[in-house]
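Residue numbers (the numbering used here), protein chains in the order written: chain Z, 1 to 164; chain S, 165 to 353.
Here's what the structure looks like:
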């Protein structure tokens, strides 16, 4: 049976929303059940690779109920299937369980989501900024962060010929 | 016999030294992005850069006299760029190659420095995205002319340039944005 049917059987109580378009299969899960469902998909189903963790900011989206959607893309190397799992978290203090214990690739993927959106992952071994400099404040990919930044890119000393 | 001016000896030495320096500019390639590929192409056999004196691309800044900043420079890389510039011994020149090193190019975003000349003294700008190897060579020839016409033996022309030549570090609309961001933070807290 397919992974989605197995999920429907095992997690019949939780409200999972299944949708698909051609070969893109997506499941929206509640954040409280996220770790259980991902652990089930890895250990009992065959999804042994976490290809991507990313987030979406719905701040200015009409009809949005939660601010952040976090997307996990799972890939099965044995059967070639791809599955997309999505949860929603909110401001303030968006927090999700880290899946580092399931897939080691979550290490840097979750660090990138933390750096760009500010979503924390509990249980992550080393959650710090990965793309922006260490002393950077602010989360660049949020919708309320301006494209040109808040002056961080030009906050450096100027060298003239006389000093160098 | 007419009086020979006093400093004829020094000016000939200046001319000789600048001639020697301009014809043996060893580049320090600071290639961060796509312009780096064009820089490599300029140095390779078809558009040979070595015939202009750039015989070796030394990757140690202590042994170079021309820094070619090729490619976009992010704010995380800028302190590294400044450190490499400070490690180069005098006399040294800087070429900013490509649109991103000159002005930030198409990347007017929070992470890309809008022009390396805001923080480093630049002598020559080569526009293009990326500039063709012939353009970069034309730039190096122009720099050679500049060195020959103004160079001194002791490098005294460098000490006179005390003002930064690039745009001021903060644009007006960035200042406005910073002030608004601070006001918003104050009103939240």
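Every residue, glycine too, gets a C-beta built ideally from N, C-alpha and C.
Whose CA, out of Z:116, Z:43, Z:23, lies closest to the CA of residue 6 of chain Z?
Z:43
Which bits of chain Z does residue 274 of chain S rub up against, with CB to CB less than 8 Å?
140, 145, 146, 147, 148, 149, 150, 152, 153
How long is the line joining the alpha carbons of residue 228 of chain S and residue 120 of chain Z, rounded to whole angstroms?
46 Å
Out of S:283, S:224, S:311, which has the shortest C-alpha to C-alpha gap to residue 265 of chain S?
S:283
Inter-residue spacing [alpha-carbon to alpha-carbon] between residue 248 of chain S and residue 191 of chain S:
Between residue 248 of chain S and residue 191 of chain S, the C-alpha separation is close to 13 Å.
Between the C-alpha atoms of residue 74 of chain Z and residue 131 of chain Z, what's the straight-line distance to the nearest angstrom?
For residue 74 of chain Z and residue 131 of chain Z, the distance between alpha carbons rounds to 23 Å.
Reduced DSSP secondary structure (H/G/I, E/B, other) of residue 201 of chain S
helix
CA-CA distance, residue 213 of chain S and residue 187 of chain S?
12 Å
Segment limits, alpha helix (DSSP H) that includes residue 308 of chain S
297–314
Indicate the three-state DSSP secondary structure (helix, strand or coil) for residue 24 of chain Z in the structure shown.
strand
Count the other C-beta atoms from every protein chain shown that fall within 10 angstroms of the C-beta of residue 1 of chain Z, then say buried if there are 16 or more, exposed otherwise.
exposed
Mind pulling the alpha helix (DSSP H) runs of 4 or more residues that sit fully within the segment 63–115 of chain Z?
none
Inter-residue spacing [alpha-carbon to alpha-carbon] between residue 21 of chain Z and residue 205 of chain S:
45 Å
According to DSSP, which residues form a beta bridge with residue 211 of chain Z?
The displayed coordinates of chain Z run from 1 to 164. Any statement about residue 211 of chain Z would go beyond what the structure contains.
When the Cβ atoms of the segment 266–276 of chain S are set against those of the segment 294–305 of chain S, are three or more pairs found closer than 8 Å?
no
One question on the structure: do residue 239 of chain S and residue 199 of chain S come within less than 9 Å of each other, judged by their Cβ atoms?
Residue 239 of chain S is not a Cβ neighbour of residue 199 of chain S, given a cutoff of 9 Å.
So the beta strand (DSSP E) residue 257 of chain S belongs to, where does it begin and stop?
257–261
Mapping the DSSP letters down to three states, classify residue 44 of chain Z as helix, strand or coil.
coil
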